[in-house]
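Report on one structure; see the data block that follows.
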Amino acid sequence: MRTTMLVRFIVPFFLLIFAVIPAATAESTGHRAEILWDKWGVPHIFAETDAGIAYGFGWAQMRSHGDLIVGLYAQARGRAAEYFGEEHLDSDITVWTHNVPDLAAQHWAAQSPEMRAINEAFTTGMNDFFEAHPDTIDAKLHQVFPVVPEDVFAHGLRTIQMYFVGRVNAIENAGARWEEAAGSNAWAIAPSRTENGNAMLLSNPHLAWAAGMQTFYEAHHVTPDNNFYGTTLVGYPVLSMGFNDYLGWTHTVNTLDAADTYELTLVDGGYLFDGEVIPFEVTERTIKILLEDGEFREESLTVRRSVHGPIVAMREDEAWAHRIAGMELHDAPAQTLAMTKARNLEEYESALSRLQLSMFNAIYADRDGNILLVFNGTIPDRGRGDWGYWSGRVPGDTSETLWTEYHAYEDLPRTVNPESGWLQNANEPPWYMTIPYPLDPADFPGYMAPVIHVEAGIFRPLRSMRLMEENDQLTFEQALELRHDAHSELALRVVDDLVDAASGSDDETIKAAAAVLANWDQRYMPESRGGVLFVSWYQAYVQAVGRAGSQLFAEPWSYNAEPLSVPMGIGDRERALRALKSAAAILQAAGAPLDIPWGTVMRMRKGEYDVPGTGGPTADTFRVIGYGQQEGGRYYATHGDTFVCLIEFSDPVRAEVIMSYGNATQPGSPHIGDQLPLLVEDKTRPVWRDRDSIEANLSLHEVLGGE
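Every position in the sequence shown, counted from 1, becomes a number in the working numbering once 381 is added.
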């Protein structure tokens, strides 16, 4: 298969259309909001109240992501097979097995009057948009309307608790493994490390690029007492990370184990627990399934629950129950809203410490110069066992393994204002927040977080630490340049050794491949020559060494080693050279030169845009773009950089941002993929937070509820 192809850039021209559109549907609800849409499809929503903001946010999300959100709500109801057909049956079974619709109703009933008003306004905004613009929503989705607040809470349970915390159905719609699709980078930089004495914050989450529950939405919310800019996953009524005039925070996926699988022994129709036979709690459900001829069939579902949670698998004498922390918590939206309104570190931690958000590191900076990193989450207080024990199946026949409480906020790994002047996280465990390492894993329960995932997964965190440790007195522009770093930290540690090993070989293929790697700039950039060969080599090397039980690196990883010094060098030179020849042979068989440019093989595509790839593997480089979809000799991006924002807490606050795949998924939107040309050129956009700059870049102006 040949991989040399014509690279074509498509740079469309968009007309900016200014219109004032009154929405009469808002008149009867009492909601008032104004949406100023900028030329990148970002809604800047102005309102007098939080409910008004929520109304405008619901309206805006329908314009940008309507089909996606309504489809996700249908799945969260457990009725997707009824609406759309048999291919959604497994999803419905999973939703009902975990009792999501009933729990969502309970969560909605438990809301405060303030949050009831906000969630009602949010769904009203969605419904009003549909009534005003029904033709913009896919006809098959019309049956899902009206959406209701219970849908919002069901969607939250399905997304955060089941998929992120519980890792239920870990294969995501992007086709990538969960571990590949879910990740992030973050920096919090104190004034002592910046040229002008202002703290800075980098938000850089990595999630799946396919339209789905992991899709981010960028927005701006302005009320008389708050000006908050940021992002959230689609379908949520409040922004989940970003910044105001005083502070900001971001999240990274953390190494948190907050779900367990219990192995039960079946006896006499029940299960053994503390020496007694306990009957299952049994619920019968009926799922309707749409057939191709438009008729329906019904399928019965028997849901069994033990004291541990729902039964997810069963055979003759064994069953497995799944227990997910935080399924009962209902105040995550209220906590997040309080975080957006905080004005200092004390107020922010007061909100965060409610622990209604069941996972994700929280990385924070503020205009007072404080920086903070918290290993946040609802971590079960298990009282015994280490990470390895709780990562496997746990005996379910004794109450000694059944946790019922969570660790308090004070128990969580946390660092504030370290002497180093910086904090970082790239999805590694919390022990590596800065250098010197600020925390000792021995001071925490062994199940709270591993010492490190695997040796081969440390390189992106090491790259992040290196970029912070080796750069001081940063300007905003320099920090932004570091954020674009696409160097391979792994290559830095092994290429010289690999080239040296090849120098003694008589094999011409090995010598030619080594020459390519010796000349490679060790970056994953469109024009870089050698990255494709290097990635192929490392995959082959890991497989060979893994099968042999050998050591990957000459100097393996050690927590006690000097930071940034290990791993280093090639551990098995003989197998490394065999792997290099194998990688070269693969490229030669495809008719590709050994030094084929990265961007010729690796591509990024959204909508009508198809551009050369930039960024590389999640385990190797700070700038992450994962390429998993193969087509015609090319590999297309499936996950990686999404909402990327660098913030400086100057007066006024300064920020640059990019939403890699664009700020819309709705068919016909000009914003599907329109920021990919910026991404490939290492460019960002200025954040517009004052009305003058927004109006200078306006594409659409909507007034909801009157002038």
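All residues carry an ideal CB built from backbone N, CA and C; glycine is no exception.
- By the criterion of a C-beta distance shorter than 7 Å, Glu665 is surrounded in its chain by Ser681 and Thr683, once the five residues flanking it on both sides are discounted.
- Annotation: Val897 to Leu871 spans about 16 Å, alpha carbon to alpha carbon.
- One thing to note: Leu783 has its Cβ no nearer than 7 Å to the Cβ of Glu1037.
- The alpha-carbon of Trp421 is positioned some 15 Å away from that of Lys987.
- Around the beta carbon of Phe654, a 10 Å sphere encloses 16 or more other beta carbons of the protein chains shown; the residue is thus reported as buried.
- Non-local C-beta neighbours of Arg956 in its own chain, meaning closer than 7 Å and more than five positions away in sequence, comprise Tyr922, Ala925, Val926, Ala929 and Ser931, ordered along the chain.
- Counting only residues of its own chain and dropping the five nearest sequence neighbours on each side, Arg1070 has a CB closer than 7 Å to the CB of His601, Asn608 and Tyr610.
- The C-alpha of Glu599 is placed about 24 Å away from the C-alpha of Leu736.
- Leaving aside the five residues that flank Gly433 on each side, the residues in its chain whose CB is nearer than 6 Å to its CB run, in chain order, His412, Arg413 and Ala414.
- Its chain contains Ala432 as the residues whose beta carbon lies nearer than 6 Å to that of Ala498, once the 5 sequence neighbours on both sides are disregarded; these appear in chain order.
- The shortest CA-to-CA distance from Gln487 to any of Thr642, Leu710, Glu728 and Phe465 is the one to Leu710.
- Beta-bridge partners assigned by DSSP to Ser909: none are found.
- Contact holds between the segment 614-626 and the segment 434-452, because three or more Cβ pairs, one in each stretch, are under 8 Å apart.
- By the criterion of a C-beta distance shorter than 7 Å, Pro776 is surrounded in its chain by Glu644 and Thr782, once the five residues flanking it on both sides are discounted.
- Of Tyr919, Trp901 and Val797, the smallest CA-CA separation from Gly911 is found for Trp901.
- Here Thr646 is bridged, per DSSP, to Glu699.
- Here DSSP, grouped into helix, strand and coil, assigns Glu1062 to coil.
- Taking C-alpha positions only, Asn625 is separated from Ile659 by approximately 53 Å.
- Within the same chain, Cβ atoms closer than 7 Å to the Cβ of Met949 are found at Arg874, Phe934, Ala935 and Glu936, the five residues on either side in sequence being excluded.
- Gly506 has its alpha-carbon roughly 15 Å from the corresponding atom of Val525.
- Excluding sequence positions up to five before and after Pro811, its CB lies within less than 6 Å of the CB of Phe756, Pro794 and Ala830, all in the same chain and listed in chain order.
- The segment 476-496 makes no contact with the segment 1076-1084: fewer than 3 CB pairs, one atom from each, lie closer than 8 Å.
- Sorting Ala743, Gly769, Glu662 and Glu673 by C-alpha distance to the C-alpha of Leu628 places Ala743 at the top.
- The beta-bridge partner set that DSSP reports for Trp630 consists of Gly623 and Tyr745.
- DSSP, reduced to helix, strand and coil, places Leu738 outside both helices and strands of the structure shown, so it counts as coil.
- Judged by pairs of C-beta atoms under 8 Å, the segment 534-543 touches the segment 700-710, as three or more such pairs exist.
- A straight line joining the alpha-carbon of Ala520 with that of His536 spans about 21 Å.
- Residue pairing from DSSP leaves His1052 without any beta-bridge partner.
- For Leu1059, same chain residues with a beta-carbon under 6 Å away, outside a window of 5 residues either side, are Ile1039 in chain order.
- The DSSP-derived three-state label of Val528 is coil.
- DSSP, read as helix, strand or coil, puts Thr667 in strand.
- If the five residues before and after Gly980 are omitted, its C-beta is found closer than 6 Å to the C-beta atoms of Pro907, Pro993 and Gly994, all from its own chain and listed in chain order.
- A straight line joining the alpha-carbon of Lys892 with that of Ser886 spans about 7 Å.
- With respect to the C-alpha of Ala789, the residue from Asp767, Asp747 and Glu730 having the closest C-alpha is Glu730.
- With a beta-carbon spacing of about 25 Å, Trp938 and Ile1006 fall beyond the 8 Å limit used to define contacts.
- Taking C-beta separations shorter than 6 Å and ignoring five residues to either side along the sequence, the partners of Ile570 in its chain run Met581 and Trp803, following chain order.
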